[in-house]
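The numbering of the sequence shown is the numbering used here, which starts it at 0 and goes up by one. In this text, a Cβ means the ideal position worked out from N, Cα and C, and glycines have one as well. Computed from a prediction, not measured in an experiment: that's the story for all the values here.
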Amino acid sequence: NPLPEDFYRGIIVFRYLHRPLIPCIRKALKTGGILVYETFTIEQPKFGRPHNLDFLLKPEDLRGWFQDWGIIHYFEGIKDNPKRAVAQIVCRKT
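Okay, structure coming up:
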């Protein structure tokens, strides 16, 4: 685990997906800590980069990884300006 366990009160991740880090992020956040995560979904190649499916979320991936936490905000779909396919989550570790 590249992150110290039970250490952070908040973690923010944007435009980055490396699936092996998900369990590390879950362990690194203190109970009550907040996670803000947004990255691209498999629909993104319709609008531009990235194209590599290894680094794109499948439907409901993000929600599934944190379904046992308190979800404050969740969105999965198309955003404008610029047009992009993303999933977003804001959640609290319970």
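Considering only the beta carbon of each residue, do residue i and residue j sit closer than 7 Å?
| i | j | result |
| --- | --- | --- |
| Gly32 | Gly9 | yes |
| Thr38 | Leu52 | no |
| Ile21 | Trp64 | yes |
| Leu34 | Cys90 | yes |
Exposed or buried, residue i, counting other C-beta atoms within 10 Å across all chains shown (16 or more means buried)?
| i | result |
| --- | --- |
| Gln106 | For the chain, the structure presents residues 0 to 93; residue 106 sits outside this window and is missing. |
| Ile88 | buried |
Give every residue of the same chain whose Cβ lies closer than 6 Å to the Cβ of residue i, excluding the five residues on either side of it in the sequence, and list them in chain order.
| i | result |
| --- | --- |
| Thr30 | Lys92 |
Leaving out five residues on either side along the sequence, give the residues of the same chain with a beta carbon under 8 Å from the beta carbon of residue i.
| i | result |
| --- | --- |
| Lys45 | Ala84 |
| Pro58 | Thr40, Ile41 and Glu75 |
List the whole-angstrom C-beta distance separating residue i from residue j, where the pair is believed to meet the contact cut-off of C-beta under 8 Å.
| i | j | result |
| --- | --- | --- |
| Ala27 | Leu2 | 4 Å |
Sorted by chain position, which residues of the same chain lie with C-beta nearer than 7 Å to residue i's C-beta, five sequence neighbours on each side aside?
| i | result |
| --- | --- |
| Pro49 | Phe39, Gln43 and Leu55 |
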